[in-house]
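Take any residue in the sequence shown, note its place counting from 1, add 4, and you have its number in our numbering.
For glycine and all other residues, C-beta sits at the position ideal for the given N, C-alpha and C.
Some notes on the structure that comes next.
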Amino acid sequence: VYAFVDADGDMKADKIVAIAEGLVRPNAVAFKDGDLYVGEMIRVLRFTDIEERLGDPPAPEVVFDGFPNQSDHGKKYMKFGPDGYLYVPVGADCNVCAPKNEMDGTIVRMTKDGNDVSVIARGVRNSVGLDWNPASASISVFRRATAPISQIPNSDRQRRAAAQRRRRSRSRRIPPRSA
Numbered sequence: 005v006y007a008f009v010d011a012d013g014d015m016k017a018d019k020i021v022a023i024a025e026g027l028v029r030p031n032a033v034a035f036k037d038g039d040l041y042v043g044e045m046i047r048v049l050r051f052t053d054i055e056e057r058l059g060d061p062p063a064p065e066v067v068f069d070g071f072p073n074q075s076d077h078g079k080k081y082m083k084f085g086p087d088g089y090l091y092v093p094v095g096a097d098c099n100v101c102a103p104k105n106e107m108d109g110t111i112v113r114m115t116k117d118g119n120d121v122s123v124i125a126r127g128v129r130n131s132v133g134l135d136w137n138p139a140s141a142s143i144s145v146f147r148r149a150t151a152p153i154s155q156i157p158n159s160d161r162q163r164r165a166a167a168q169r170r171r172r173s174r175s176r177r178i179p180p181r182s183a
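Spelled out as structure tokens, the structure:
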């Protein structure tokens with residue numbers, strides 16, 4: 005994780021500072037009240053008062069470490085909402101299947117200290133972004149669709165094909181004529 009320092013305000017980095025190295029697949033950052041939050045696959049870390057401590061960055065504090073350990077859809081595109089909570093999507097561990105973990109395929113929100121964590125949405129397989137409407141404060145989520153059929157494991161492919169056959173057979177039923 006690196007900080008790009010713009011000392012003279014010209015919107016160009018004058019200095020690049022390493023904040024942390026050796027993390028496990030860091031892939032998201034969020035900033036709140038002077039603290040930098042970093043999302044890894046299974047946890048969220050916080051670097052307290054980071055802007056004042058760039059010369060000697062602090063060790064990260066673990067805010068939350070209860071996310072499922074998955075590689076396919078485990079990236080964290082986190083963001084603080086207008087209510088001050090940190091919102092973190094948790095992907096499902098497969099393409100077409102029932103969740104194996106209660107957090108799979110959810111949007112989670114937590115206080116900035118990680119003490120109050122709750123699931124606010126389920127069935128969101130692979131969210132790769134989120135934002136709020138400033139007028140209504142409603143949340144919008146960008147969700148990636150399932151993988152092409154050639155990339156879906158055979159067992160998932162068979163379940164999907166069976167579900168499609170059931171839907172087609174229901175749509176072909178002709179209602180009885182009324183007299």
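Length of the line joining the Cα atoms of residue i and residue j
| i | j | result |
| --- | --- | --- |
| Ala7 | Ala22 | 6 Å |
| Arg177 | Ala102 | In this predicted model, Arg177 has a pLDDT of only 47, less than 50, meaning its place in the structure is not dependable; the value taken from the coordinates is given anyway. So the two alpha carbons sit approximately 28 Å from each other. |
| Gln168 | Asp39 | 48 Å |
| Met45 | Gly13 | 34 Å |
| Ile20 | Lys80 | 24 Å |
| Gln142 | Lys36 | A small correction: the amino acid at residue 142 is Ser; Gln does not occupy that position in the sequence shown. Roughly 20 Å between the two C-alpha positions. |
| Lys104 | Gly95 | 11 Å |
| Ala17 | Val9 | 5 Å |
| Gly127 | Gly109 | 5 Å |
| Gly59 | Met15 | 20 Å |
| Tyr41 | Ile111 | 17 Å |
| Val123 | Met107 | 7 Å |
| Lys116 | Arg129 | 24 Å |
| Asn73 | Asp53 | 29 Å |
| Ser175 | Gly70 | Only weak support is given to the placement of Ser175: the predicted model assigns it a pLDDT of 48, under 50, and the question is left unresolved by the model. |
Simplified DSSP state of residue i, which is helix, strand or coil
| i | result |
| --- | --- |
| Glu106 | coil |
| Ile23 | coil |
| Glu44 | coil |
| Ala11 | coil |
| Ala167 | helix |
| Arg129 | coil |
| Arg29 | coil |
| Val5 | coil |
| Phe84 | strand |
| Phe51 | strand |
Endpoints, beta strand (DSSP E) assigned at residue i
| i | result |
| --- | --- |
| Ala125 | Val121 to Arg126 |
| Pro62 | Element bounds for Pro62: n/a, residue is neither H nor E. |
| Pro93 | Leu90 to Val94 |
Whole-angstrom C-beta distance between residue j and residue i, which should lie under 8 Å
| i | j | result |
| --- | --- | --- |
| Leu134 | Met114 | Their Cβ separation, rounded to whole angstroms, is 14 Å, which puts Leu134 and Met114 out of contact at 8 Å. |
| Ala34 | Lys83 | 6 Å |
| Arg50 | Pro64 | 7 Å |
| Val5 | Val48 | Not confirmed; about 13 Å, so no contact. |
| Gly118 | Val67 | 4 Å |
Residues that DSSP places opposite residue i in a beta bridge
| i | result |
| --- | --- |
| Ala34 | Tyr41 |
| Arg57 | In the DSSP output, where bridge partners are listed per residue, Arg57 has none listed. |
| Asp135 | Ser144 |
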